[in-house]
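See structure below.
Numbering (UniProt numbering), first residue to last: 1 to 481.
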């Protein structure tokens, strides 16, 4: 490919875009709806500990990713790094795994949009809303990377402002400045609070917390289109981690203090019963349910928008590397991988339509396999960074030359790998308990793992790839990504 004549990805994403893309990838329905159910299951103390541990793991993963992405900013991060520093077959499997993860997520978000819109328009056909949102997501990604970045910035800003207002309102209520009598810490002593159900309940929350934090790795995918990756990526990593941790921990603390974990409404994933809606309603904010529904709609659009961006870039990179059909490597004059975008959109549509025909069993299986994919991508980051650093030193390179250096190596990637593996293997531990093994539930939960291993080993067998020796790992950054 002649790099002088062919269009290239445009480095149009600024530091503020990167921060908000990563932030927007994590603040969503996991916080607005599922946080209530988590508190109901493990009590406020159990949830805070689980989110803190997962937050620390994500911090190490993000610093690992930042070290590689600041040095080598490419759009196919997980695939490229694994191919260069571990084994090309692992890179192939991680690339397709991540593309599939987000392509199916787009379909899930389109399904969610129809549920949200029925809150206001209960009698309109679902297909209308999902089609409108798909067109919006497609156009935001088609026009230019800057258009995607701006849209994601404003989507994320709405969510950030909501969480900040919620936290401030909550603390005013806790101390009795708003909403009547001060609540104080009395809900932390209801029943067996703050820790309900012991360690096994907390283990169950690890899964929910992990899913809530998924999306932070979008930073790495966006690195290839960042205007100054050496500075903007480390800056975004530092900002994003603390913001996410503060937002999640403080928001959960507010919910746990204001609503007893025994409240049955917390277990309902319904906008009217969202802990955010309940607390805003108690504070006397008019139309709280409608306001939260609108905000959840922006969260869903944001997730779908980010998903389309991430999966399109990954598919383009796989094609450019000869691991996907060549026509998918085409860029338009604005530097957008348009063919990869069209194919990704079509896959999202097909999976979405599958939920309308029959009982949607296929769609549920696809979605469960996708849920596992995010954790597999994180495992890939931890393994790739460990090998990256080892190879960097083995080739006699100076660590001081790295634009950004991850702290606490090798503890960081090893800790992230172990905790991630525990989350993956233990995500449906309850199916193995009670004397009766629920094989259907196990298959639905773990289907993503054997699929990934099959793709990985098939490519390895066909191409006869081997683990790259540390001395032969490719650190060249002179390619025009």
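Glycine included, each C-beta is placed from N, C-alpha and C at the ideal position.
Rounded separation between residue i and residue j - CA only
i: residue 110; j: residue 322; result: 31 Å
i: residue 3; j: residue 84; result: Caution is warranted here: a pLDDT of 43 is assigned to residue 3, below 50, making its placement in the model unreliable, and the coordinate value is therefore given only provisionally. Taking the straight line joining both Cα atoms gives about 21 Å.
i: residue 165; j: residue 256; result: 17 Å
i: residue 28; j: residue 436; result: 35 Å
i: residue 120; j: residue 179; result: 27 Å
i: residue 404; j: residue 67; result: 5 Å
i: residue 43; j: residue 314; result: 39 Å
i: residue 92; j: residue 174; result: 51 Å
i: residue 290; j: residue 162; result: 13 Å
i: residue 349; j: residue 107; result: 6 Å
i: residue 373; j: residue 62; result: 17 Å
i: residue 219; j: residue 263; result: 37 Å
i: residue 194; j: residue 46; result: 7 Å
i: residue 461; j: residue 450; result: 16 Å
i: residue 414; j: residue 471; result: 22 Å
i: residue 39; j: residue 382; result: 29 Å
i: residue 115; j: residue 125; result: 11 Å
i: residue 100; j: residue 285; result: 40 Å
i: residue 128; j: residue 97; result: 30 Å
i: residue 150; j: residue 141; result: 11 Å
i: residue 246; j: residue 463; result: 46 Å
i: residue 13; j: residue 69; result: 14 Å
i: residue 402; j: residue 71; result: 6 Å
i: residue 368; j: residue 278; result: 29 Å
i: residue 399; j: residue 465; result: 29 Å
i: residue 376; j: residue 177; result: 46 Å
i: residue 445; j: residue 453; result: 15 Å
i: residue 148; j: residue 331; result: 16 Å
Cβ-based burial, residue i [other Cβ within 10 Å; buried from 16]
i: residue 287; result: exposed
i: residue 429; result: exposed
i: residue 88; result: buried
i: residue 467; result: exposed
i: residue 266; result: buried
i: residue 1; result: Per-residue confidence for residue 1 stands at a pLDDT of 40, beneath the threshold of 50, marking its modelled position as unreliable; the derived number appears in the next sentence. It counts as exposed.
i: residue 317; result: buried
i: residue 456; result: buried
i: residue 469; result: exposed
i: residue 202; result: buried
i: residue 439; result: exposed
i: residue 123; result: exposed
i: residue 105; result: buried
i: residue 427; result: buried
i: residue 307; result: buried
i: residue 187; result: buried
Minimum C-alpha distance to residue i - residue among the options
i: residue 475; options: 299, 391 and 47; result: 391
i: residue 36; options: 353, 249 and 350; result: 249
i: residue 283; options: 118, 73 and 181; result: 181
i: residue 305; options: 237, 215 and 231; result: 215
i: residue 347; options: 366, 333 and 332; result: 366
i: residue 102; options: 414, 419 and 312; result: 312
i: residue 406; options: 425, 423, 460 and 385; result: 385
i: residue 292; options: 421, 211 and 158; result: 158
i: residue 272; options: 33, 20 and 108; result: 33
i: residue 191; options: 177, 41 and 96; result: 41
i: residue 95; options: 343, 124, 81 and 61; result: 81
i: residue 209; options: 53, 232, 193 and 142; result: 53
i: residue 117; options: 270, 463, 30 and 444; result: 270
i: residue 298; options: 345, 152, 448 and 189; result: 152
i: residue 200; options: 277, 433 and 245; result: 433
i: residue 421; options: 379, 402 and 394; result: 379
i: residue 144; options: 198, 310 and 334; result: 334
i: residue 16; options: 231, 112, 452 and 70; result: 231
i: residue 196; options: 268, 324, 26 and 261; result: 261
i: residue 296; options: 417, 135 and 160; result: 160
i: residue 243; options: 138, 167 and 221; result: 167
Interface flag, residue i vs chain D, CB-CB below 9 Å
i: residue 63; result: Among the chains of the structure shown, chain D does not appear; only one protein chain is present.
Integer-rounded CB distance, given that residue j should sit under 8 Å from residue i
i: residue 185; j: residue 254; result: Not a contact, Cβ separation roughly 12 Å.
i: residue 64; j: residue 236; result: Incorrect: roughly 14 Å between the Cβ atoms, too far for contact.
i: residue 241; j: residue 59; result: 5 Å
i: residue 49; j: residue 387; result: Incorrect: roughly 31 Å between the Cβ atoms, too far for contact.
i: residue 223; j: residue 73; result: 4 Å
i: residue 156; j: residue 302; result: 6 Å
i: residue 30; j: residue 211; result: 6 Å
i: residue 327; j: residue 339; result: 5 Å
i: residue 225; j: residue 75; result: 7 Å
heavy atom of the ligand MG below 8 Å from residue i C-beta
i: residue 118; result: Looking for the ligand MG in the displayed structure turns up nothing, as the structure carries no ligands at all.
- Query: In the region 125-154, which residue ranges form an unbroken alpha helix (DSSP H) of at least 4 residues, counting only runs that do not cross its ends?
  - Reply: List check, alpha helix (DSSP H) in window: 126-143.
- Message: Please give the ranges of any alpha helix (DSSP H) in the region 265-344, keeping only runs that are unbroken, at least 4 residues long and fully inside the region.
- Response: 275-282 and 288-320
- Residue ranges of each alpha helix (DSSP H) within the region 70-131, 4 or longer: 77-85 and 88-117
- Item | Runs of beta strand (DSSP E) lying entirely within the region 397-427, each at least 3 residues, in chain order | If we require 3 residues or more, the region 397-427 turns out to have no beta strand (DSSP E) run fully inside it.
- Secondary structure, beta strand (DSSP E): runs of 3+ residues fully inside the region 421-479: none
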